[in-house]
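Q: Listed in order, the protein sequences are those of chains A and B.
Basically the working numbering = 1-based index in the first sequence + 2.
Basically the working numbering = 1-based index in the second sequence + 4.
Beta carbons are placed, not taken as given, at the ideal position from N, Cα and C, and that holds for glycine.
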Amino acid sequence: MLQVRGLCKSFGRPAVDHLDLSIAEGEIYALLGPNGAGKTTTLRMVCGLLAPDAGSIAIAGVDALAHPAQAKQVTAWLADEPLLYDRLTPLEYLEFVAGLWQVPAATARPLAEALLTELGLWPHRGEHCEGFSRGMRQKTALAGALLHDPKLLVMDEPLSGLDAAASRQVKDLLRARVKTGRTVVLTTHVLEVAERLADRIGIIVTGRMVAQGSFEELRRGAGPGQETLEDVFLHVTAGPLA
Amino acid sequence: MSAVFGPGSALWLLRHDLRLMGRELRSASKRKRFVLRYVVISVVVLLHLGGLLYAPELAHLHDTARAPALLVASFAIAGAFALFLSKAISESTESLFQRGDLDLLMSSPLPMRRVLISRLAAIALNAGFMPMLLLVPLLNGMMLRGEFAWAGAYVVLVSLSLLAASLGSAVTFGLLAWAGPRWTKLIARTIATLLGAVAFITIQLKVLIPAEFRLAVWQALMPAPGSTPSGPLWWPARAALGDTMPVLALMAAALLAVLGVSAALGRAYGSGVMGNLALPRAAHMDGVARHFRDSPLDALRRKERRLLIRHPGLIAQMFYQMVFLVPGTIALTNIGPNGKQSVAGVVFLTAMMTGRIAKIVAAGPFEGDQAEALAVTSPTHPAHVLRAKVLVTIVALLLIAGLPVVAIGLKLAAAFAAASVASAAAAGARVWLAVRRAPQLRRAGLQGRLQASTDGLLGVGIDIGWGVAGALLTLVL
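Dropping the structure here:
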């Protein structure tokens, strides 16, 4: 579903350094790394928000750099602090997003209602987003991201700021999407989330991929005594930093 | 049709922007909305009455010789265009740095060209709003008098605002590509300020330029008698005066500018290049921190000074205030270079402007303190925190406001001394206001906003008050 080859990006110093990434259809992939490792920069390049200095990106077989509109049609981006229009209601926001992705009204309206209901936002459909808590804003943005039924969902810290119930709701929703063949790429600093949710995990340090695989594979690769993902993460990231 | 009006079209995006603007306006309380509605209606009615009264003067332009009419119209249009462009540059810079919903729009498959067309239209609307508010009633007055030849002026206004929006956006993006994000804001604001000053000076030309020079300029620019000026520079004036071809040419130029700029910038956005440029980059500061043994007061002062110097918009805002001080000062000096009244006038202007500058300077250390809790929870004496802010504000104020005023001429040095007394007091008052206002702002509620606007009005009152006090002091001395 997502093929990244030799991706490079520099802001004076290298932020992403010859990164390769292959993510299969129907997979949840967690991209981990210390602060400033280049996770968000990588995802922003995948979504066409940043131009890479070098490398290639293919989404569902489409060259995202040569045909950005085609690639964006099947992709959704959820920022860590998503911007909503304060003076729009969630339903109006989804109506706008449907227009951006050209989702036919006959499909968009029931889908928007279903998403808002599923995320517990239906009772708030008539309220302006300005009064929403962080969790409600995050969920509204997630509904927007899912509205055009993207094949690839790219999420930057999707669970930050969510309470336990909301976090569970989002995780369940992502699992359900993946079961229907959709692909999710996410970053998170909560390693337990990655451990439990992700099928595969990639760890990047200073823009380079230093370990990749399922949790079991990473644990085996890290050697004896590395039981949790936290142990593995600290073991793997200690080398390149030192 | 759906490509033009349907979801995802430029018009659909523009409607979305207008809906957000409308919601913003309607967000005030019912009482405030009620008052606002009647204030707006009254202002519109008053402006139209003024327009009707002034319309005969404007109609007279058609009766006078063609060449002077064209010259007068050209000056007026140049002034208006400078104002349009100034506002357009400010708007496009703001929209670039407050990225807002750009991530959402850029991650969608919509061509960025369409997004930019709607943004340019919104910038044009914002840039043209104030001048149009003043000029449209005048034109409506002309229409009511049956002077239909002036209908072209409506097209001129719309075309100029679209041209300004396109040019302003191109300038901003050009700066971003050339100077990088750190300098773009400063340079763009400075250009916008200068253009605003040009518009202001154009209005004040009669007062600012001595009569002989004014006549010489007039004669130099005036087209030869009997000749018909045909160059593109005369198009706007000719269009305003009712020539059909220039009206069409101006409309075509505006549309081409919008389409051209949106296509060029759309490509840059689509490829994510603008995303790169708009990203903040870490500033590389030379040298190392060498003051780890500072006393708490020194540390606080140093911190305030550093943050104030590195404040991104400070210099441009100062410059903005100073630019408007200079024409007024020159005008007053022209009226009576040696008269006590003109010195008093200069003192009034200086004191008032330095009061406004004090507010801007104070906004950095007081309102912009992002780590207020750090000093509050430290063992530092609370008075030191306040003293450091006040000291830095006053020193910065005297440096910024003092040097250019002294540079105007030694004759004004005495006036400046008197103005300094007044402005220092004004600065103190503004600082006091800022301290009072900070907790209100943190509440971020309507009550806080109302309190802040009341403080703002009070602040302007204090500026004027100290200006008058300084002027009276000069007259008495």
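1) Of all the CB atoms in chain B, is at least one closer than 8 Å to the CB of A71 of chain A?
2) Can you find at least 3 beta carbon pairs, one from the segment 104-123 of chain A and one from the segment 53-66 of chain A, that sit closer than 8 Å?
3) Any beta-carbon of chain A closer than 8 Å to the one on L24 of chain B?
4) Closest to A59 of chain B by C-alpha separation, out of B:V39, B:L87, B:E151, would be which residue?
5) At a CB-CB cut-off below 7 Å, which residues of chain B make contact with Q140 of chain A?
6) So, does the CB of L484 of chain B fall closer than 8 Å to a CB anywhere in chain A?
7) So the beta strand (DSSP E) V6 of chain A belongs to, where does it begin and stop?
8) What residues in its chain sit with their C-beta under 8 Å from that of L51 of chain A, if we drop five residues either side in the sequence?
9) Which residue from A:Q140, A:V180, A:V48, A:P226 puts its Cα closest to that of V156 of chain A?
10) Sorted by chain position, which residues of the same chain lie with C-beta nearer than 8 Å to H388 of chain B's C-beta, five sequence neighbours on each side aside?
11) Could you list which residues in chain A have their beta carbon closer than 7 Å to that of H20 of chain B, in chain order?
12) Rounded to the nearest angstrom, how far is the Cβ of R118 of chain B from that of S99 of chain B, given a contact under 8 Å?
13) For K74 of chain A, return the contacting residues in chain B, with the cut-off set at a CB-CB distance below 9 Å.
14) Taking T44 of chain A and L9 of chain A to be in contact with their CB atoms under 8 Å, please state how far apart those CB atoms are, rounded to whole angstroms.
15) For E28 of chain B, which residues in chain A fall below 8 Å Cβ to Cβ?
16) Looking at chain A, is there any beta carbon in it that lies within less than 8 Å of the beta carbon of W187 of chain B?
17) Please confirm whether I191 of chain B and A183 of chain B have their CB atoms less than 8 Å apart.
18) So the candidates are B:V43, B:P240, B:M356; which of them puts its Cα closest to the Cα of A258 of chain B?
19) Closer than 7 Å by beta-carbon distance: list the chain B residues that pair up with W103 of chain A, in chain order.
20) Can you tell which of A:L90, A:I61, A:R127 has its C-alpha closest to the C-alpha of R27 of chain B?
21) Go through its chain and collect everything with a Cβ distance to I81 of chain B's Cβ below 8 Å, but skip five positions before and after it.
22) Using a Cβ-Cβ cut-off of 7 Å (strictly less than) and excluding sequence neighbours within five positions of M249 of chain B, which residues of its own chain qualify?
23) Start and end of the alpha helix (DSSP H) containing R198 of chain A?
24) What is the DSSP secondary structure of L85 of chain A, counted as helix, strand or coil?
25) Mind checking the segment 49-71 of chain A against chain B and listing, in chain order, the residues whose C-beta falls within less than 7 Å of any C-beta there?
26) Would E308 of chain B be called buried (16 or more neighbouring beta carbons within 10 Å of its own) or exposed?
27) Does any CB atom of chain B fall closer than 8 Å to the CB of A81 of chain A?
28) Which residues in chain B sit within 7 Å of L4 of chain A, going by Cβ to Cβ distance?
29) Which residues of chain A have a Cβ atom closer than 8 Å to the Cβ of W16 of chain B, listed in chain order?
30) What did DSSP end up calling V64 of chain A once you bin it into helix, strand or coil?
31) Looking at G183 of chain A and L21 of chain A, is the spacing between their C-beta atoms short of 8 Å?
32) Given a threshold of 16 other Cβ atoms within 10 Å of its Cβ, counted over all protein chains shown, does E229 of chain A qualify as buried or as exposed?
33) Report the option in A:L236, A:A32, A:V238, A:I206 whose CA atom is closest to the CA atom of P16 of chain A.
34) Less than 8 Å between CB atoms is the rule here; does P11 of chain B satisfy it with respect to chain A?
35) For R127 of chain A, I'd like the list of residues in its chain whose CB is within less than 7 Å of its CB, leaving aside the five on either flank, ordered along the chain.
36) Checking the sheet assignment: what are the DSSP bridge partners for G204 of chain A?
A: According to the structure shown:
1) Interface residue, yes.
2) Counting Cβ pairs under 8 Å, fewer than three are found: no touch.
3) It does; some Cβ of chain A falls within 8 Å.
4) Cα-wise, what sits closest to A59 of chain B is B:E151.
5) Going along chain B, no residue has its Cβ under 7 Å from Q140 of chain A, so there is no contact; the nearest lies around 14 Å.
6) This structure cannot speak to residue 484 of chain B, because chain B is shown only from 5 to 481.
7) First-last of the beta strand (DSSP E) with V6 of chain A: 4-13.
8) Excluding residues within five positions, the ones whose Cβ falls inside 8 Å are W79.
9) Nearest of A:Q140, A:V180, A:V48, A:P226 to V156 of chain A, Cα basis: A:V48.
10) Exclusion of the five residues before and after H388 of chain B leaves P300, L301, L304 as the residues of its chain whose Cβ lies within less than 8 Å of its Cβ.
11) Within 7 Å Cβ-Cβ: F98.
12) Actually they are not in contact, since the Cβ atoms of R118 of chain B and S99 of chain B sit about 16 Å apart, beyond 8 Å.
13) Chain B residues near K74 of chain A: M110, S111, S112, P113, L114.
14) Taking a contact as a CB-CB distance under 8 Å, the pair T44 of chain A and L9 of chain A counts as one, their CB atoms being some 7 Å apart.
15) Per Cβ cutoff of 8 Å: R89.
16) No, W187 of chain B lies away from the interface with chain A (no Cβ there is under 8 Å from its Cβ).
17) Cβ atoms of I191 of chain B and A183 of chain B: closer than 8 Å.
18) For A258 of chain B, the closest C-alpha among the options B:V43, B:P240, B:M356 is that of B:P240.
19) Proximity of chain B to W103 of chain A at the Cβ level (cut-off 7 Å) is accounted for by S112, P113, in chain order.
20) Closest option to R27 of chain B, Cα to Cα, is A:L90.
21) Taken in chain order, the residues that qualify are V160, L164, P240, A241, A244.
22) The beta carbon of M249 of chain B sits closer than 7 Å to none of the beta carbons in its chain outside the five residues before and after it.
23) Element bounds for R198 of chain A: 193-199.
24) In this structure, L85 of chain A counts as coil in the three-state DSSP scheme.
25) Under the 7 Å Cβ criterion, the segment 49-71 of chain A contributes C49, G50, L51, L52, A53, P70, A71.
26) With 16 or more other Cβ atoms within 10 Å, it is buried.
27) For A81 of chain A, the answer is yes, since a Cβ of chain B falls inside 8 Å of its Cβ.
28) Residues of chain B whose Cβ lies closer than 7 Å to the Cβ of L4 of chain A do not exist, since the nearest Cβ in that chain is about 15 Å away.
29) By Cβ distance, chain A contributes G101.
30) In the displayed model, V64 of chain A falls within a strand according to three-state DSSP.
31) Not a contact, by the Cβ cut-off of 8 Å.
32) The C-beta of E229 of chain A has fewer than 16 other C-beta atoms within 10 Å across all chains shown, which makes the residue exposed.
33) Looking at the Cα atoms, A:I206 is the closest of the given residues.
34) At a cut-off of 8 Å between C-beta atoms, P11 of chain B counts as an interface residue with respect to chain A.
35) Once the five neighbours on either side are set aside, the close Cβ partners of R127 of chain A are T91, P92, L93, L118.
36) Answer by DSSP bridge pairing, in chain order: A:L33, A:Q214.
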